[in-house]
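Take a look at the structure below.
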Amino acid sequence: MAGFSCSLVSQAQDYLNAQHFSAEQLQHATHLVWATGGGMVPEAEIQKYLAQGTVFA
1 MAGFSCSLVS QAQDYLNAQH FSAEQLQHAT HLVWATGGGM VPEAEIQKYL AQGTVFA
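For the sequence shown, the numbering used here assigns the number 1 to the initial residue and increments by one for each residue that follows.
Written out as structure tokens, the structure reads:
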């Protein structure tokens, strides 16, 4: 699948801590990839995703 080549571990500890995830919860987390290419996502929603993504950049 284009754009998703491997599993990544989030380095955004502030975000994870704010969500109150325990180490055990994170060990059992399931990561999903939305693989539609985004063609069905409204433009306003895409802009929200991009803005939120800058937190992790």
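For glycine and all other residues, C-beta sits at the position ideal for the given N, C-alpha and C.
DSSP places G39 in the coil class of the three-state scheme, outside both helix and strand. About 10 Å separates the CB atoms of I46 and G53; that is not less than 8 Å, and the two are not in contact. No residue range can be given for A29, since it is assigned to no alpha helix (DSSP H) and is classified by DSSP as neither H nor E.
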